[in-house]
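Reviewing the structure listed below.
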Amino acid sequence: MPSAHDWINNPLGVVEGMFVQNNSNPEWQKKVVDYFKDKLTEKEAQTWVPSLNDVPLHYLKPNSLVKFRCLIQDMFDPEFYMGVYEAVDPATKSKSLKCGKYKDVTECLQVEFNSRNSVTSERQTFYCVPIPGESSWVKECYARSSQAQVIPSTSYTPNRHKRSYDEDDDMDTQSQRPRDSNTGSQSSGDSQRNGDSKRQETEAPSNNTTTTQSCTSPLDLNYPLPEEQGPACLVKVYEDWESFKLNDTIEVFGILSVDPALGGVSEEKEPTSLLDPMESMETVEEQRAHSPPPSLVPRLHMVYALPLQHINPLLPSAVSEDKNAFVTSFLSELGSIRSEFLAYLTHILLGDALAAEYLLLHLVSNVYARRDVLPLGKFTLNLSGCALSATYTEHLYRIIQQLVPSSYRLPMSLHNMNSMRMVPRKDYVANRLVSGVLQLASNTSLFLDETQLEQGQLDASGVRNITALGNLISWQKVDYDFNYHQMEFPCNINVLVASEGRSLLPSDCQVHLKPQLAPPNLGEFLGAIQAAQAPSQMNRYRLYLSVTRRMDYSISEEVTKAVEEDFVEMRKDDPQSMSAEDLHRMLVVSRLLSLSFGQTTLSTDVWMKTKHLEMLRMSRIQQQKSVNGHEP
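For what it's worth, full-length UniProt numbering labels the leading residue of the sequence shown as 1, then goes sequentially.
Here you go:
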């Protein structure tokens with residue numbers, strides 16, 4: 001790594017230099033973006049940039065280039081800022097043009113606001129949070145791959161840099177008033193107040209009565225999942241913000257801004273703005289939500305963003321030159337890895353090889369397309385018969401958590417169903433989207449533990465939550481609550497339901513667990529199996545899942561015709577024995593089986609194996625039904 005990177009340590013100097021040389025050319029801004037993009041796409045250059053995900057904020061130099069792996073949790077209204085302003089030297093009274101892009105606070109004491117040379121520009125603000133449920137092994141891998149060199153910075157946070165986030169929550173409750181600063185005019189809600197809202201979902205209700213909770217604290221970081229950690233961030237976007245969507249996972253490269261003038265709303269009186277009289281129309285709650293303390297929510301001025309198709313750090317990124325060679329080499333080992341992985345899952349499922357096959361297919365599944373409202377590729381698995389012990393489902397989840405990049409276990413207790421907020425809702429008082437448990441990144445594994453559900457009454461909130469889970473499973477969508485209307489957001493969430501009997505939720509496939517082993521201490525047994533897997537072997541399993549999920553797949557006309565004939569033959573003796581829904585499930589299973597073997601097209605052998613697996617699965621369900629006298 002070179003000893004110094006001016007474009008990392010002093011990116012504003014690079015921007016200012018280009019502005020001075022080319023400000024008469026309207027293309028100068030594009031040259032800035034191209035410059036940083038070229039730098040960041042050089043080999044290993046991205047590893048030189050420190051990350052907000054694994055470096056404490058007080059170790060990062062203000063106004064340096066940093067990166068942030070995140071989910072776009074909310075999109076605020078566009079705001080205006082001084083793209084170009086005229087500065088006046090107090091001593092000599094000389095004037096000079098300054099660039100206001102990628103900044104929150106001007107660097108001079110006196111600004112000529114009425115200058116004809118001033119240029120007001122527009123930017124978008126995204127509220128971004130760390131990727132919900134990101135696994136610890138993912139965080140550790142990214143941190144180990146970093147080559148960034150950072151040292152503690154105390155220039156802007158004296159006597160505060162040793163405090164934790166929780167301590168910051170306590171200390172920043174008494175937030176300081178903004179000091180006088182020559183910032184750009186930030187009008188987060190101006191377009192909405194002027195009747196020209198740029199986002200339909202931010203239109204407030206027609207009456208003044210709100211049934212939703214208002215934002216009660218400026219320190220609510222609004223994570224989708226409880227007990228999440230890490231910094232949230234306000235990302236300022238200058239170009240092509242229309243290309244980003246809510247819930248996108250991205251890696252942002254931007255200029256860090258943590259000036260104390262940016263955050264804090266006085267508890268004693270409502271804040272006012274020296275530059276924008278319209279800001280006084282904002283509520284205190286909106287000020288708190290949109291201008292949190294920078295010590296908790298730093299600002300990041302985007303110069304480049306990389307959409308993340310996956311967050312597995314073991315798989316080379318899309319911009320890596322050796323990605324194709326790596327995948328080709330890995331595919332040659334796929335058969336042996338599958339056998340080892342299947343054996344591992346069989347041990348975890350107490351010797352049940354059939355359940356292990358279906359669990360493997362579930363972990364490989366992925367929504368690859370949508371046909372009208374139907375998501376194609378989803379494979380929600382209901383693993384019934386899981387009430388082996390009070391802690392079996394917890395152990396099972398921890399094992400899955402070590403395999404997938406992001407996951408969340410939701411114990412479906414009566415209390416959780418009635419009290420948790422599953423669906424995000426719009427808070428019109430604070431003008432923000434209040435997150436919910438189902439606001440998850442694409443490809444997240446959601447483990448629904450139905451063994452925790454006890455007898456009792458679901459209230460209205462519980463019924464809504466169960467309905468939301470059902471819609472997620474059936475249609476891979478979540479209907480966000482905007483008070484007087486709902487807005488549909490498609491998703492791609494891998495749902496596994498662990499239950500005692502058949503789940504009360506819908507599923508694509510039910511497999512009843514049939515243990516072949518009965519260890520005296522289940523926790524020790526599963527822990528020993530997991531400990532026996534070498535880290536290198538676990539990495540092979542993790543890569544296996546990521547690679548197979550992203551492989552292309554097709555069915556030849558010849559095989560399609562053979563499958564159709566086989567379907568007709570199976571219905572010949574008993575038309576009720578095979579429905580169109582059964583055929584659809586078999587086609588999904590055969591697709592996942594093919595991909596799990598590293599095959600990109602359906603073969604006759606895989607189709608026969610699919611029929612055999614389905615026959616065994618249905619036979620087991622019928623046997624269990626006969627034993628119990630009802631659906632297992």
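Built from N, CA and C at the ideal position, the CB exists for glycine as well. Please read all numbers here as calculations on a predicted model, not as lab measurements.
Could you spell out the range, first to last residue, of the beta strand (DSSP E) harbouring residue i?
i	result
Asn494	494–498
Ile72	65–75
Lys39	First-last for Lys39: 28–40, but that is the alpha helix (DSSP H), not the beta strand (DSSP E).
Glu333	Run containing Glu333: none; DSSP gives neither H nor E here.
Asn382	381–384
Lys98	95–99
Give me the Cα-Cα distance between residue i and residue j, rounded to the nearest whole angstrom.
i	j	result
Asp276	Asn25	At Asp276 the pLDDT is 41, less than 50, meaning the model places this residue with poor confidence and gives no usable figure here.
Val84	Leu57	29 Å
Thr125	Ile529	47 Å
Leu314	Thr249	17 Å
Ser554	Ala562	15 Å
Gln402	Tyr368	24 Å
Arg421	Ser115	50 Å
Leu543	Val434	34 Å
Met492	Asn443	Going by the sequence as given, residue 492 is Asn instead of Met. When rounded, the distance between both Cα atoms is 6 Å.
Arg425	Met75	13 Å
Asn9	Lys61	8 Å
Ala531	Glu524	10 Å
Met618	Val373	28 Å
Gln624	Glu581	22 Å
Met578	Ser596	25 Å
Asn416	Gln622	33 Å
Ala325	Met551	15 Å
Val404	Ser445	7 Å
His395	Pro11	47 Å
Asn23	Ser94	19 Å
Could you please give the first and the last residue of the uninterrupted alpha helix (DSSP H) stretch that includes residue i?
i	result
Thr125	Careful: Thr125 lies outside any alpha helix (DSSP H), inside the beta strand (DSSP E) at 119–130.
Asn628	604–628
Leu583	580–596
Pro535	535–549
Lys572	557–573
Met487	First-last for Met487: 486–490, but that is the beta strand (DSSP E), not the alpha helix (DSSP H).
Phe447	No alpha helix (DSSP H) holds Phe447; the beta strand (DSSP E) holding it covers 445–449.
Gln510	Looking at the DSSP string, Gln510 is not in any alpha helix (DSSP H); the run it does join, the beta strand (DSSP E), is 509–512.
Leu472	460–475
Asp427	Here Asp427 belongs to no alpha helix (DSSP H); instead the beta strand (DSSP E) covers 425–427.
Sorted by chain position, which residues of the same chain lie with C-beta nearer than 6 Å to residue i's C-beta, five sequence neighbours on each side aside?
i	result
Asn366	Gly377, Arg549
Trp607	Ser590
Met615	none
Asp479	Gln486, Glu488
Arg432	Asp74, Ala289
Asn222	Ser435
Asp481	Val423, Arg425
Leaving aside the five residues before and after residue i along the sequence, list all residues of the same chain whose C-beta is less than 7 Å from its C-beta, in chain order.
i	result
Cys233	Leu52, Phe68, Cys70, Cys128, Val297, Pro298, Leu300
Phe341	Leu360, Tyr541, Tyr544
Between the Cα of residue i and the Cα atoms of the options, which residue gives the shortest distance?
i	options	result
Lys101	Leu314, Gly13, Val66	Gly13
Ala387	Tyr553, Val497, Arg371	Val497
Val258	Asn418, Ser64, Ser536	Ser64
Gln599	Lys61, Thr328, Lys37, Lys39	Thr328
Phe447	Gly133, Leu583, Gly351, Thr47	Gly133
Ala305	Glu581, Glu16, Leu595, Lys39	Lys39
Leu228	Leu440, Gln576, Pro490	Looking at the sequence itself, residue 228 is Glu, so the reference to Leu does not match. Among Leu440, Gln576, Pro490, the Cα nearest to that of Glu228 is on Leu440.
Met309	Ser546, Met302, Ser507	The question names Met, but residue 309 in the sequence shown is Gln. The residue with the shortest Cα to Cα distance from Gln309 is Ser546.
Val495	Asp574, Glu569, Ser406, Val568	Ser406
Val303	Ile131, Leu517, Arg123, Ile337	Arg123
Phe80	Cys108, Asp104, Gln21, Tyr397	Asp104
Lys31	Lys43, His347, Ser145, Val15	Val15
Lys611	Asn22, Glu454, Leu354	Leu354
Tyr397	Leu469, Leu526, Leu414	Leu526
Val119	Leu97, Lys139, Glu140	Leu97
Assuming residue i and residue j form a contact by the criterion Cβ under 8 Å, report the distance between their Cβ atoms to the nearest whole angstrom.
i	j	result
Lys477	Asn471	6 Å
Val66	Val49	6 Å
Met18	Trp28	6 Å
For the ligand FMN, I want to know if residue i counts as a neighbour, meaning its beta carbon is within less than 7 Å of at least one of the ligand's heavy atoms.
i	result
Pro375	What this structure holds is no ligand at all, so the ligand FMN is not there to describe.
Please list, in chain order, all residues of the same chain as residue i whose beta carbon is under 8 Å from its beta carbon, the five residues on each side excluded.
i	result
Val559	Thr601, Leu602, Ser603, Thr604, Trp607
Phe567	Met578, Leu583
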